[in-house]
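Asks:
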Amino acid sequence: LTDGRGAADQSARKRFGLWLFGARGGLATTAVLGARALARGLTEPIGLVTETAPCSALALRTLGDVVFGGHEVRSVSLREAAGEVHRLSRTIPSALIEAIHDEFDELDADVRPGTLTNAGATIERITADQLDPIAAADESLRATCDRLSADLVAFRERHDLDGVVCVLVTSTEPQLRFDQRHATLEALDRAIDADERDAVRPSLLYAYAAAEAGCPLVHFTPSNAAFAPAIREKLDRAAVPYVGSDGKTGETLVKSALAPMFRHRALKVLSWQGYNMLGDRDGAVLAADDNKRAKIESKDSLLANILGYPLHTHVGIDYVPSLDDLKTAWDFIHFEGFLGHRMTMQFTWQGADAILAAPLVLDLARLIEFAHRSGEKGPQHQLACFFKRPIDGGPHDLHMQMQALWDWVAQHAS
Ligand SMILES: NC(=O)c1ccc[n+]([C@@H]2O[C@H](COP(=O)([O-])OP(=O)(O)OC[C@H]3O[C@@H](n4cnc5c(N)ncnc54)[C@H](O)[C@@H]3O)[C@@H](O)[C@H]2O)c1
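Take the sequence shown: its position 275, counting from 1, is numbered 275 in my numbering, and each next residue is one higher.
1. Have a look at ARG87 and THR29 and give me their C-alpha separation to the nearest angstrom.
2. Considering only residues of the same chain and omitting the five flanking positions on each side of ALA121, which have a CB-CB separation below 6 Å?
3. Across which residues does DSSP place GLU72 in a beta bridge pair?
4. Quick check: what's the CA-CA separation for VAL76 versus LEU168?
5. Is HIS396 near ligand 1, judged by its Cβ being under 8 Å from some heavy atom?
6. Taking 6 Å as the limit between beta carbons, can you name the residues of its chain near CYS166, skipping five residues before and five after?
7. Out of LEU58, GLY70 and ASP392, state which residue places its alpha-carbon closest to the alpha-carbon of ARG232.
8. So, with DSSP's three-state summary, where would you put LYS388?
9. Under the three-state reduction of DSSP, which class applies to PRO379: helix, strand or coil?
10. Roughly how many angstroms lie between the CA atoms of THR25 and ALA31, to the nearest whole one?
11. Can ALA28 be considered in contact with ligand 2, in the sense that its beta carbon sits closer than 8 Å to one or more heavy atoms?
12. At 4 residues or longer, what runs of the alpha helix (DSSP H) sit wholly inside the region 326 to 365?
13. For ASP318, does the three-state DSSP call read helix, strand or coil?
14. Could you spell out where the alpha helix (DSSP H) holding CYS145 opens and where it closes?
15. Mark GLU44 as exposed unless 16 or more other C-beta atoms lie within 10 angstroms of its C-beta, in which case mark it buried.
16. So VAL49 is in the alpha helix (DSSP H); what residue range does that whole segment cover?
17. I'd like the span of the beta strand (DSSP E) that includes VAL243, first residue to last.
18. Three or more C-beta pairs closer than 8 Å, one from the region 185 to 198 and one from the region 139 to 151: is that the case here?
19. Determine the burial state of GLU186: buried for a count of at least 16 other Cβ atoms within 10 Å of its Cβ, exposed for fewer.
20. Assuming ALA225 contacts GLU173 (C-beta within less than 8 Å), just tell me the rounded distance between them.
21. So, LEU311 versus LYS255, is the Cβ gap smaller than 9 Å?
22. Beta-carbon within less than 6 Å of LEU267's beta-carbon, same chain only, minus the 5 sequence neighbours each way: which residues are those?
23. Compute the minimum distance between the beta carbon of LEU107 and the heavy atoms of ligand 1, and state whether it is under 8 Å.
24. Measure the CB-CB distance between TYR110 and GLY70 and report whether it falls below 9 Å.
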């Protein structure tokens with residue numbers, strides 16, 4: 001694996017922490033096991049952008065330098081979580097689980113109870129039968145914020161880490177309606193002190209804790225609360241780099257690569273219908289309208305941006321339990337060519353969700369850790385290619401986004 005440490009400063013020799021909010025979900029589990037397998041040379045670095053040639057010019061930390069921890073609301077061990085992924089989707093081979101089982105206790109020791117405060121009925125229901133008693137306990141908002149950030153600080157100190165990068169991979173929450181309490185950090189702190197629980201969601205509390213502990217943040221889910229204006233103010237004041245939101249891994253990735261073709265050839269797209277089907281826990285959460293809305297908004301926002309004109313679009317997401325993690329999408333594109341002649345293009349996508357997303361989580365952790373070490377702070381627009389809803393917008397065209405990343409890499413090459 002890429003090890004740019006020889007060219008970098010000596011501080012690159014220290015390990016860094018990767019803290020996953022949602023630490024025992026399908027995506028987090030695949031990322032942890034995948035990283036440990038890569039570090040031991042048990043698998044190839046396929047799907048990792050940071051293992052491609054341009055990134056070898058960066059003094060990135062290796063995956064062997066990563067110490068994992070996280071917050072989770074269910075009492076499940078890594079073995080149980082990995083077993084569930086294997087049973088349902090076979091994406092994590094049992095031989096791999098056995099090969100690294102000697103690390104499981106150590107990896108479980110750094111998972112702490114999270115919070116379910118105002119997570120909404122669907123997430124409460126789906127996590128209920130395995131709920132961790134501490135995550136479920138009644139605690140004031142201020143106490144929760146203090147507990148979460150103290151966990152991050154203790155993790156950093158316990159392992160003598162150079163820094164800790166936080167990645168949010170919890171279940172998709174219902175959108176939070178922003179009001180004056182989210183407009184400034186001062187107003188949000190007042191609401192937290194007054195224990196106004198309707199003003200928060202778990203993702204907001206996690207982002208708050210990350211900023212409080214001085215940790216860079218990667219927001220990989222569509223939950224809007226994590227980037228409330230007051231939270232962005234807190235992250236800016238903490239002078240940490242942050243980026244999001246909603247990892248671009250499947251159907252939307254294809255759209256953002258394909259739509260530019262229609263634009264470049266001056267073909268007029270009239271309609272773009274996209275239907276997604278998925279199973280597993282993520283699918284069960286997205287079956288609820290409130291939670292689904294967040295996802296649909298981030299999946300539907302890119303076509304007009306890329307094509308430059310309004311068009312008829314539709315994004316459907318249906319829960320199909322038997323599919324488990326094998327997300328299936330069918331896209332139907334109706335377009336017009338020379339002489340107004342109408343034609344169609346269709347594609348189907350069948351992707352194992354966590355297999356596509358886990359390497360991105362590892363890429364993002366390494367890149368934002370490097371950005372932090374290089375003194376960068378605030379929104380990291382160069383990482384927009386990884387997201388369905390890039391922070392502060394910008395072009396959605398995958399090719400333009402990749403060029404922005406390569407330009408940044410060239411500027412930082414050592
Ligand atoms: N391709 C992908 O897999 C992909 C792409 C983009 C975004 N995402 C997003 O990533 C997230 C995780 O996806 P997944 O497939 O791993 O789902 P999952 O349901 O398997 O995992 C979510 C985990 O978060 C935990 N959790 C829920 N609420 C929590 C809270 N408040 N605090 C701590 N932990 C909490 C759950 O117990 C579960 O272990 C989802 O929001 C999903 O939409 C996934």
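We put the CB at the ideal spot given by N, CA and C, even for glycine.
Replies: Taking the coordinates as given:
1. In the sequence shown, residue 87 corresponds to position 87, counting from 1. In the sequence shown, residue 29 corresponds to position 29, counting from 1. When rounded, the distance between both Cα atoms is 13 Å.
2. Here residue 121 refers to the residue found at position 121 when the sequence shown is read from its first residue. The answer is none, since no qualifying residue turns up.
3. Working through the sequence shown from its first residue, we reach residue 72 at position 72. Answer is PRO113, bridged to GLU72.
4. Taking the first residue of the sequence shown as 1, we reach residue 76 at position 76. Taking the first residue of the sequence shown as 1, we reach residue 168 at position 168. Near 18 Å, if we compare the C-alpha coordinates of LEU168 and VAL76.
5. The residue labelled residue 396 in the question sits at position 396 within the sequence shown. Outside the cutoff, so no.
6. By one-based count along the sequence shown, residue 166 stands at place 166. Excluding positions up to five away in sequence, the list reads TRP19, ALA210, CYS215 and LEU217.
7. Position 232 of the sequence shown, counted from the first residue, corresponds to residue 232. ARG232 has its Cα closest to that of ASP392, out of LEU58, GLY70 and ASP392.
8. In the sequence shown, counting from the first residue as 1, residue 388 sits at position 388. It is coil, neither helix nor strand.
9. As a position in the sequence shown, residue 379 is number 379, starting the count at 1. In this structure, PRO379 counts as strand in the three-state DSSP scheme.
10. Against the sequence shown, residue 25 aligns to sequence position 25. Against the sequence shown, residue 31 aligns to sequence position 31. The sequence given here has Gly at residue 25, not Thr. Taking the straight line from one Cα to the other gives about 10 Å.
11. Absent from the structure shown: ligand 2. Ligands present: ligand 1.
12. none
13. Taking the sequence shown and counting its residues from 1, one reaches residue 318 at position 318. Strand at ASP318.
14. Here the question's residue 145 lines up with position 145 in the sequence shown. Unbroken alpha helix (DSSP H) run through CYS145: 141 to 158.
15. The residue labelled residue 44 in the question sits at position 44 within the sequence shown. Classification for GLU44: exposed.
16. Counted from its first residue, the sequence shown places residue 49 at position 49. Segment: none, VAL49 is in no alpha helix (DSSP H) and carries neither H nor E.
17. Here residue 243 refers to the residue found at position 243 of the sequence shown. VAL243 -> beta strand (DSSP E) spans 241 to 244.
18. yes
19. What you label residue 186 is simply residue 186 of the sequence shown in a count that begins at 1. Exposed, because fewer than 16 other Cβ atoms sit within 10 Å of the Cβ of GLU186.
20. Taking the sequence shown and counting its residues from 1, the one referred to as residue 225 is at position 225. Taking the sequence shown and counting its residues from 1, the one referred to as residue 173 is at position 173. Going by Cβ atoms, the distance from ALA225 to GLU173 rounds to 6 Å, so yes, they are a contact pair.
21. Counting from 1 along the sequence shown, the entry for residue 311 is found at position 311. Counting from 1 along the sequence shown, the entry for residue 255 is found at position 255. Taking 9 Å as the Cβ cut-off, LEU311 and LYS255 do not qualify as a contacting pair.
22. Taking the first residue of the sequence shown as position 1, residue 267 is located at position 267. Only PHE335 and GLY337 meet the Cβ criterion.
23. Residue numbering aside, residue 107 sits at position 107 when the sequence shown is read from its first letter. No - ligand 1 has no heavy atom lying nearer than 8 Å to the Cβ of LEU107.
24. As a first step, residue 110 must be located in the sequence shown, where it is residue number 110. As a first step, residue 70 must be located in the sequence shown, where it is residue number 70. In the sequence on display, residue 110 carries Asp and not Tyr. Yes, Cβ-Cβ distance for ASP110 and GLY70 is below 9 Å.
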